[in-house]
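Those protein sequence lines, which keep their order, are chains A and B.
Numbering-wise, the numbering used here comes out as the position in the first sequence, counting from 1, plus 71.
Numbering-wise, the numbering used here comes out as the position in the second sequence, counting from 1, plus 52.
Where is the CB? At the ideal position from N, CA and C, for every residue including glycine.
A quick write-up on the structure given underneath.
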Amino acid sequence: MGKNKDINELTNLMAKALRHKIGSIVNKDELYASKYAKDAESIMAEAEKVLLRQNWNSYDETRIKEQLRIKLQKELEQKDFLDNKKFEIMDSEIEKALKEFDLG
Amino acid sequence: MLVKFKKNVSKGSRFNQVYIPKDMESLIEVGDEVEVRLVKKSVMLHYSKNLKKLTNFKEGLIKDIFSFLNDIGGTNYIFIVGSFLTEKIGYNDIDIAIVADEKHKDFEESLYSKLIERFNLRFHLLLIEENEFNRLLKICPLTKSMLSRFICNKEIKIPEEKYVDNRHIKFLLMMPYDLLEVKLSSRSFFDSIRRLITIEKFLKNKILDIECINEELKKLLTERMYNKIKNNENIEDNSILTLRKIIKSKLSIIERLLKNG
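What follows is the structure, given as structure tokens:
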């Protein structure tokens, strides 16, 4: 039960952090893009706190990846002010983030 | 025989001029041919209106920074902005905004490292391409408020015209929206609420003076909370609820203003 809740929280935070990170990449002409890259890092730091609550097995890792992909896709669809290149780099950014968290 | 002297160029009524020193009158005479060479470009400080004169120490430091960056080259306008200009001692770093013909990440990083190496001070550097700078001056509330008080290396007039770019404003609203759900550092709340006040003022065609914005923020939060979250101190859950209420209310005002054009 605790694990389900944590997966939900973890993927919510990771989806938001990745949306900020992707925003900073695709809207790189924005003056504040670098600030958004930092915002992504601070949300990812929160996600890391949730990550450390559990020992994750390979089944959990698959679930995290699936949930994260669905949530991030939704996040990016809602943000129509972010350049459409966002969908092109979505999967690679998910892979990178999971790898950093030792989940992939 | 090499005869030379150093003098500053002075302002003349018709032409700027360099006088030959009295004690060299016999060495350099009327009719002699001389050569004038620029040895060091003088550094001028151009204050924005509303900015009070800084102490000699701060002025001297800014002149050194301008002179150092001028020598490196590649910069068109150099602005000193932020709390270094307005706070006596309560500034964390020196904010420098540089406008250049082109923006290269390598150039930005190299300037930053050179500044640290030369001055051993904490800097926050923002490199902006000139075209982008001119666009942001019209559409970006944060850029406008950042440049409400500045010292520049050249004379410049910041245009007052504005244009509401919904995409840009929505980009700026991403973090405040996230803070309604995610609990981050208290400083994130400070930055977001200040950002919302700035955007609201921009949409309402009000003056974007950073001091007025900070005053409004202080009133909204109370002085105690203002200082706490400005310094990124830990805050209790009920304070976060209060801050979220403020964010929510500001977001709703801004969304309404955007909708009504």
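Beta-carbon proximity list for residue i, same chain, < 8 Å, skipping 5 on both sides
i, result
"residue 214(B)", "190, 191, 196, 254 and 257"
"residue 325(B)", "Chain B is shown from 53 up to 313; residue 325(B) falls before or after that span and cannot be answered."
"residue 135(B)", "142, 143, 144 and 147"
"residue 68(B)", "61 and 62"
"residue 319(B)", "The question about residue 319(B) has no answer here: the residues shown for chain B are numbered 53 through 313."
"residue 78(A)", "131, 134, 135 and 138"
"residue 57(B)", "72, 73 and 76"
"residue 305(B)", "252"
Host beta strand (DSSP E) of residue i (start-end)
i, result
"residue 173(A)", "Here residue 173(A) belongs to no beta strand (DSSP E), and DSSP marks it neither H nor E."
"residue 150(B)", "146 to 152"
"residue 179(B)", "175 to 181"
Same chain, Cβ closer than 7 Å to residue i, five either side skipped, listed in chain order
i, result
"residue 237(B)", "284"
"residue 118(B)", "95, 130 and 205"
"residue 110(A)", "91"
"residue 111(B)", "97"
"residue 170(B)", "120"
"residue 164(A)", "89, 92 and 93"
"residue 108(A)", "92 and 95"
"residue 261(B)", "102 and 200"
"residue 357(B)", "Beyond the ends of chain B as shown, which are 53 and 313, falls residue 357(B); an answer cannot be given."
"residue 157(A)", "93, 97 and 147"
Interface flag, residue i vs chain A, CB-CB below 8 Å
i, result
"residue 223(B)", "yes"
"residue 177(B)", "no"
"residue 78(B)", "no"
"residue 62(B)", "no"
"residue 309(B)", "no"
"residue 123(B)", "no"
"residue 289(B)", "no"
"residue 201(B)", "no"
"residue 226(B)", "yes"
"residue 197(B)", "no"
"residue 237(B)", "yes"
"residue 219(B)", "yes"
"residue 230(B)", "yes"
"residue 135(B)", "no"
"residue 234(B)", "yes"
"residue 240(B)", "yes"
Bridge partners - residue i, DSSP secondary structure assignment
i, result
"residue 61(B)", "None; residue 61(B) has no bridge partner."
"residue 203(B)", "99(B) and 132(B)"
"residue 138(A)", "In the DSSP output, where bridge partners are listed per residue, residue 138(A) has none listed."
"residue 69(B)", "62(B)"
Span of the alpha helix (DSSP H) around residue i
i, result
"residue 84(A)", "73 to 97"
"residue 164(B)", "157 to 171"
"residue 107(B)", "Run containing residue 107(B): none; DSSP gives neither H nor E here."
"residue 293(B)", "289 to 311"
"residue 284(B)", "Taken as a continuous stretch (DSSP letters only), residue 284(B) belongs to no alpha helix (DSSP H), as it is neither H nor E."
"residue 252(B)", "238 to 255"
"residue 75(B)", "Element bounds for residue 75(B): n/a, residue is neither H nor E."
"residue 229(B)", "218 to 231"
"residue 270(B)", "262 to 273"
"residue 195(B)", "193 to 198"
Residue i beta carbon near the ligand FAD (any heavy atom closer than 7 Å)
i, result
"residue 89(B)", "Of ligands this structure carries none, so the ligand FAD is not represented either."
CB contact below 8 Å: residue i versus chain B
i, result
"residue 95(A)", "no"
"residue 158(A)", "no"
"residue 141(A)", "no"
"residue 110(A)", "yes"
"residue 117(A)", "yes"
"residue 87(A)", "yes"
"residue 123(A)", "no"
"residue 172(A)", "no"
"residue 155(A)", "no"
"residue 169(A)", "no"
"residue 114(A)", "yes"
"residue 84(A)", "yes"
Residues of its chain near residue i, where Cβ-Cβ distance is below 6 Å and the 5 sequence neighbours each way are ignored
i, result
"residue 309(B)", "255"
"residue 296(B)", "232"
"residue 107(B)", "none"
"residue 115(A)", "88"
"residue 188(B)", "195"
Min CB distance residue i to chain C below 8 Å
i, result
"residue 80(A)", "Here chain C cannot be found, since the structure's protein chains are A and B."
Kindly confirm or deny that the stretch 79 to 88 of chain A and the stretch 127 to 146 of chain A touch, where touching means at least three C-beta pairs closer than 8 Å. yes
Inspect the CB distances between the stretch 277 to 297 of chain B and the stretch 213 to 227 of chain B and report whether three or more fall short of 8 Å. no
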